[in-house]
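What follows is one structure encoded as structure tokens, with my remarks underneath.
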Amino acid sequence: MMDRKEIEQKVKEILADRLDIDIEKIKLDSDLVDELGMDSFIAVELMFELKEKLGINVSEKEFSNIGTVRDIVNFIRKNRAK
Numbered sequence: 482m483m484d485r486k487e488i489e490q491k492v493k494e495i496l497a498d499r500l501d502i503d504i505e506k507i508k509l510d511s512d513l514v515d516e517l518g519m520d521s522f523i524a525v526e527l528m529f530e531l532k533e534k535l536g537i538n539v540s541e542k543e544f545s546n547i548g549t550v551r552d553i554v555n556f557i558r559k560n561r562a563k
């Protein structure tokens with residue numbers, strides 16, 4: 482099982498790739514929309530990639546409650562523990 486740091490790194494890698502930005506610009510408290518420029522299309526891609534790479538199912542409703550990178554990491558940790 483991945484620890485918190487590994488999850489954080491994987492999420493940052495996925496976001497950097499999807500958003501075409503430098504991974505160093507992604508901080509745990511970065512706002513996905515306002516700071517990182519994520520739109521609804523990228524959000525859907527991200528949901529599929531989280532399922533594919535981390536085995537996490539995220540519904541659109543659940544994802545709508547996620548606002549920061551930290552929120553994604555916490556969601557993954559909570560749902561992987563089940």
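In terms of my numbering, the sequence shown opens at residue 482 and continues consecutively. All residues carry an ideal CB built from backbone N, CA and C; glycine is no exception. Computed from a predicted structure; not experimentally measured.
Cβ distance (whole Å) where residue i is taken to contact residue j below 8 Å
i: Arg-485; j: Val-554; result: 7 Å
i: Leu-517; j: Ile-502; result: 7 Å
i: Ile-488; j: Ala-497; result: Ile-488 to Ala-497, Cβ: 15 Å. No contact.
i: Thr-549; j: Leu-513; result: 6 Å
i: Leu-531; j: Val-539; result: 6 Å
Residue from the options with nearest C-alpha to residue i
i: Leu-509; options: Val-492, Arg-551, Ser-521, Gly-536; result: Arg-551
i: Ile-495; options: Glu-543, Ser-521, Phe-522, Lys-534; result: Lys-534
i: Asp-515; options: Ile-547, Asn-560, Met-482, Lys-559; result: Ile-547
Neighbour-count burial assignment, residue i, 16 or more Cβ in a 10 Å radius
i: Ile-557; result: buried
i: Met-519; result: buried
i: Lys-493; result: buried
i: Ile-504; result: exposed
Where the alpha helix (DSSP H) containing residue i begins and where it ends
i: Lys-532; result: 521 to 535
i: Lys-506; result: Looking at the DSSP string, Lys-506 is not in any alpha helix (DSSP H), and its letter there is neither H nor E.
i: Asp-484; result: Where Asp-484 is concerned, there is no enclosing alpha helix (DSSP H), given that its DSSP letter is neither H nor E.
Paired residues, beta bridge with residue i - DSSP
i: Asp-512; result: Thr-549
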